[in-house]
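Below is one structure, written out as structure tokens; the observations come after it.
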Amino acid sequence: MDQARFGITVPLTAPLAEHPRLIRELRKAGYTDVWSAEVDGSDGFTPLTVAALADPDVRLGTAIVSPYTRGPATLAMTAAALAEVAPGRFHLGLGAGSAPIVEGWNGAEFDRPYQRVRDTVRFLRAAFAGERVTREYETFAVRGFRLSRPPQSPPPILVAALRPGMLRLAGREADGAILNWLSAEDVERVVPYVREGGPDREIVARIFVVPTGDRDTARAIGRRMITAYLTVPVYADFHRWLGREEQLAPMWEAWAEGDRKRALDLVPDTVLDELIVHGEPARCRARIARYVAAGVTVPVLAVIDPRPGADPIEAALALAPTAG
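Written out as structure tokens, the structure reads:
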């Protein structure tokens with residue numbers, strides 16, 4: 016593959032204490048970036064701090080952290096600290112997240128996500144510049160906050176975006192967008208909204224990869240992932256907008272009725288094969304290259320190895336730029 020950036024999702028399945036060695040191996044194989052996933056395992060910043068100290072050149076990004084689960088000042092301080100550890104190498108990826116994470120797990124109100132992300136971007140711009148912030152934003156207020164250690168290299172801010180409003184926000188007020196749960200063909204549809212803000216906007220995409228020639232196993236994994244994610248309202252609305260209403264409606268109906276097994280069976284193979292990259296490593300690398308050709312500047316692999324007890328980076332190494 017012939018692109019400058021190539022990322023991997025952390026944390027890996029190995030304990031964080033083992034990550035420094037694994038990051039160095041991945042860097043030798045051609046991975047330039049590590050991007051964190053903050054769901055129900057590690058937080059978004061600790062694995063990146065470990066990676067930053069393991070390799071002096073690896074690029075880092077959160078994909079994503081939510082402005083609902085950290086106060087504005089705490090978010091600014093945490094991001095500034097990581098930017099100090101890895102000056103010029105860290106990107107702060109923000110995203111609203113979803114109601115289950117924000118409300119069900121963190122006890123916050125998932126209200127006006129577009130406005131909350133926009134307000135947080137504006138606050139962080141001022142905070143990273145060392146300004147004393149006293150301002151009534153639409154979704155929160157900050158009174159008299161100033162970073163005592165503002166980053167010498169303020170991190171670029173990226174916004175996780177699905178539909179036009181947030182995609183345009185990512186291009187207009189942030190430095191680019193983070194994409195998720197879409198096909199290479201879908202990338203061609205969403206990128207123009209981001210690039211309305213400028214042709215140099217970063218486009219990061221998390222790509223789910225199951226590197227196995229066992230199609231039935233890969234599809235079984237993919238069905239579980241799709242029913243877990245695409246039944247969440249924000250993702251369901253995203254795929255309606257992308258034109259998959261007819262294909263996914265039976266699955267959504269079965270899920271809403273509580274019939275989880277039937278919902279799994281109703282995930283169309285065509286949709287699964289579009290959204291989950293699977294097959295032998297060479298085939299997967301070719302599929303990933305299509306995302307780059309469609310406009311992604313940083314492909315970030317989320318590798319799912321179906322083999323129980325497998326080496327935590329063996330599959331990732333087979334997908335690396337140097338492997339081809």
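Just so you know, the working numbering puts 37 at position 22 of the sequence shown, and the rest follows in order with no gaps.
C-beta: ideal position from N, C-alpha, C; glycine also.
Keep in mind that this is a model prediction, so the values were computed, not measured.
The closest CA to that of W50, considering only V315, A111, P327, W267, is found on V315. Under the rule that a run must span 4 or more residues, the alpha helix (DSSP H) segments found entirely inside the stretch 27-102 read 34-43, 61-69, 87-100. For the pair of segments examined, the stretch 174-181 was found not to touch the stretch 141-160: the number of CB pairs separated by less than 8 Å stays below three. Our two residues, G228 and A338, have alpha carbons roughly 17 Å apart in a direct line.
In the DSSP assignment, E211 falls outside any beta strand (DSSP E), carrying neither H nor E.
Judged by DSSP in its simplified three-state form, G22 adopts strand. Remark: three or more beta-carbon pairs, one from each stretch, lie closer than 8 Å, so the stretch 325-332 and the stretch 32-40 are flagged as touching.
Per the DSSP secondary-structure output, I193 pairs in a beta bridge with A175, V219.
Comparing C-alpha distances from I222 to each of R230, A44, T312, R85 shows the shortest one belongs to T312.
Per the Cβ contact rule, the stretch 95-108 is in contact with the stretch 61-68 (3 or more Cβ pairs under 8 Å). For G145, the closest C-alpha among the options R322, E272, V318, A91 is that of A91.
The C-beta of P226 has 16 or more other C-beta atoms within 10 Å across all chains shown, which makes the residue buried. The residue among A95, V219, E295 with its C-alpha nearest the C-alpha of T64 is A95. For W120, the closest alpha carbon among the candidates I23, V54, T242 is that of V54.
Distance from the CA atom of G110 to the CA atom of P336, rounded to whole angstroms, is 28 Å. Between the stretch 200-220 and the stretch 233-252, the count of C-beta pairs closer than 8 Å stays below three; the two stretches do not touch.
If you draw a straight line from the Cα of L263 to the Cα of L279, it is about 11 Å long. A buried status is given to G108, since no fewer than 16 other beta-carbon atoms sit within 10 Å of its beta-carbon.
With fewer than 16 neighbouring CB atoms inside 10 Å of its own CB, A271 falls in the exposed class. DSSP links H293 through a beta bridge to V225. Contact annotation, G186 with E211: C-beta distance approximately 5 Å; criterion of less than 8 Å satisfied. DSSP places G119 in the helix class (H, G or I) of the three-state scheme. Pairing I303 with L287, the inter-Cα distance amounts to about 15 Å.
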